[in-house]
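Residue numbers -25 to -1, 1 to 242, in mature numbering (1 follows the signal peptide of the UniProt record, and there is no 0), belong to the letters of the sequence shown in order.
Ideal Cβ positions, reconstructed from N, Cα and C, are used throughout, including at glycine.
Presented below is the structure to which this report refers.
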Amino acid sequence: MKHFVLSLGLSLAAAAGLNSAPALAAGSCSAHSPAYRVALLELYTSEGCSSCPPADQYVSGLRAAGVTPEQAVLLALHVDYWNDIGWKDPFSHAAYSARQRWLTGLAGSRTVYTPELFVAGQELRGGVERWTGGVPAAVKRINARPAQADIRMTLGPASAAGLPVEVNASAARSGTLFVALVESGLASKVTAGENSGRLLRHDHVVRTWLAPVPLSAGGKAGLNMATVARTLPLPPGAAPGKLGVSAFVQSERGDVLQAFSLSVCGN
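In structure tokens form, the structure reads like this:
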């Protein structure tokens, strides 16, 4: 496990400037979040980190262990601060490192490390051994709480032009809407660094991280609201059946008001 002491107060970066509005045609699918709160699990990881593969495998196995999409949204965010130590992680982005620093700062810590797991914006320490019992218990506690935001999502059919996405969020309190394109079933042959010679497999990997959108006041019934409408380019070689879109609303103090995910239509 590698530790870094970094300055805090950095703003969350935007991964891409994707501004094309989607064409939501026939074959689109829609869903909205439940009345209870869905847990948000964020794993901060890197292919350059020798202690990360067990954490990746743990998160990949959560669905088989009974943690359903209705209970928890899973995100694996590959940080970029390992990239100058022998191996450049193809799934890494500076925006994910910046978000990890922001979450760490909220907790009053200056230490950023991998692998690190956050559940509903709170760090869960102890590694895989403690996560095995701690994650299901945390998810159960979160699911027992009422949602404080509503998320409605519509996805168009995936095509060569991309994936049309529209996400609408509303809440009685202030917050920010985050939207990500997520891919599972990935594999990478690492040829340098701490994991040199290993074939690493990943699920729930964030491939596109849209610029966060603050909820604006003045919506229906006095609600704060936000909308994201984009056509997201598909990752090269991606199978639509391995893709999904995840969204969540988070307060400025880190409280996750609601999370939600939807698989690409027909999968």
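### Task
Classify Pro121 as buried or exposed, calling it buried when 16 or more other Cβ atoms lie within 10 Å of its own Cβ.
For the purposes of this step, residue 121 is identified with residue 146 of the sequence shown, where counting begins at 1. Exposed, because fewer than 16 other Cβ atoms sit within 10 Å of the Cβ of Pro121.
### Task
Mark Ser191 as exposed unless 16 or more other C-beta atoms lie within 10 angstroms of its C-beta, in which case mark it buried.
Residue 191 sits at position 216 when you count from the first residue of the sequence shown. Exposed, by the Cβ-count rule.
### Task
Let me know the alpha helix (DSSP H) ranges lying completely inside the stretch 114 to 188, each 4 residues or longer, listed in chain order.
none
#### Entry: Contacting residues, own chain, Cβ-Cβ under 8 Å from Arg127 (five flanking each side not counted)
Here residue 127 refers to the residue found at position 152 when the sequence shown is read from its first residue. Excluding positions up to five away in sequence, the list reads Ser5, Ala6, His7, Ser8, Val142, Asn143 and Ala144.
### Message
Do Val94 and Ala73 count as a contact pair if the criterion is CB distance below 9 Å?
### Response
Against the sequence shown, residue 73 aligns to sequence position 98. Against the sequence shown, residue 94 aligns to sequence position 119. For the 9 Å CB-CB criterion, Ala73 and Val94 do not form a contact.
### Query
Which class does Gln233 belong to by DSSP, given the choice of helix, strand or coil?
For this step, residue 233 is matched to residue 258 along the sequence shown. Reduced to three states, the DSSP call for Gln233 is strand.
### Message
Rounded to whole angstroms, what is the Cα-Cα separation between Pro132 and Pro208?
### Response
Within the sequence shown, residue 132 is the residue found at index 157, counting from 1. Within the sequence shown, residue 208 is the residue found at index 233, counting from 1. If you take the alpha carbons of Pro132 and Pro208, they lie about 12 Å apart.
### Query
Of the residues Gly150, Arg182 and Phe235, which one's Cα is nearest the Cα of Lys217?
The count along the sequence shown starts at 1 and reaches residue 217 at position 242. With distances taken between Cα atoms, Lys217 lies closest to Arg182.
### Query
How many Å lie between Val87 and Arg100 at the Cα?
Within the sequence shown, residue 87 is the residue found at index 112, counting from 1. Within the sequence shown, residue 100 is the residue found at index 125, counting from 1. Val87 and Arg100: Cα-Cα distance of roughly 12 Å.
### Query
Roughly how many angstroms lie between the CA atoms of Gly96 and Asp178, to the nearest whole one?
Counting from one through the sequence shown, the residue named residue 96 turns up at place 121. Counting from one through the sequence shown, the residue named residue 178 turns up at place 203. Approximately 20 Å, taken between the alpha carbons.
### Query
Leaving out the 5 sequence neighbours to the left and right, which residues in its chain are closer than 7 Å to Ser67 when beta-carbon positions are compared?
Position 92 of the sequence shown, counting from 1, holds the residue named residue 67. Only Ser21, His53, Val54, Asp55 and Asn58 meet the Cβ criterion.
### Query
Measuring CB to CB, does Trp14 end up less than 9 Å from Gln46?
On the sequence shown, residue 14 is found 39 positions in, with the first residue counted as 1. On the sequence shown, residue 46 is found 71 positions in, with the first residue counted as 1. According to the sequence provided, residue 14 is Ala. The question's Trp does not apply to it. Yes.
### Task
Can you grab the Cα-Cα spacing for the pair Ser(-15) / Gly241, in whole Å?
One-based indexing of the sequence shown puts residue -15 at position 11. One-based indexing of the sequence shown puts residue 241 at position 266. Bear in mind that the predicted position of Ser(-15) carries a pLDDT of just 31, short of 50, making it unreliable; the figure below should be weighed with that in mind. One C-alpha to the other measures close to 37 Å.
#### Entry: Gly108 (DSSP reduced to helix, strand or coil)
The count along the sequence shown starts at 1 and reaches residue 108 at position 133. The answer is helix: DSSP assigns Gly108 an H, G or I state.
#### Entry: Leu92 and Val110 closer than 9 Å at C-beta
By 1-based counting over the sequence shown, the position of residue 92 is 117. By 1-based counting over the sequence shown, the position of residue 110 is 135. It is a contact, given that the beta carbons lie within the stated cut-off.
### Message
Measuring only the C-alpha atoms, how far is Gly193 from Val224?
### Response
Numbered from 1 along the sequence shown, position 218 holds the residue referred to as residue 193. Numbered from 1 along the sequence shown, position 249 holds the residue referred to as residue 224. Straight-line Cα distance between these residues: approximately 17 Å.
### Task
Select from Leu175, Met200 and Leu78 the residue whose C-alpha is nearest the C-alpha of residue 243.
Because the chain is modelled from -25 through 242, residue 243 falls outside the range shown and cannot be assessed.
### Query
For Gln32, which beta-bridge partners are listed by DSSP?
In the sequence shown, residue 32 corresponds to position 57, counting from 1. Answer is none; Gln32 lacks a bridge partner.
### Task
Take Ala214 and list the residues in its own chain whose beta-carbon comes closer than 8 Å to its own, dropping the five residues that flank it on each side.
As a position in the sequence shown, residue 214 is number 239, starting the count at 1. Close CB contacts of Ala214 within its chain, under the 8 Å cut and outside five residues either way in sequence, are with Gly160 (chain order).
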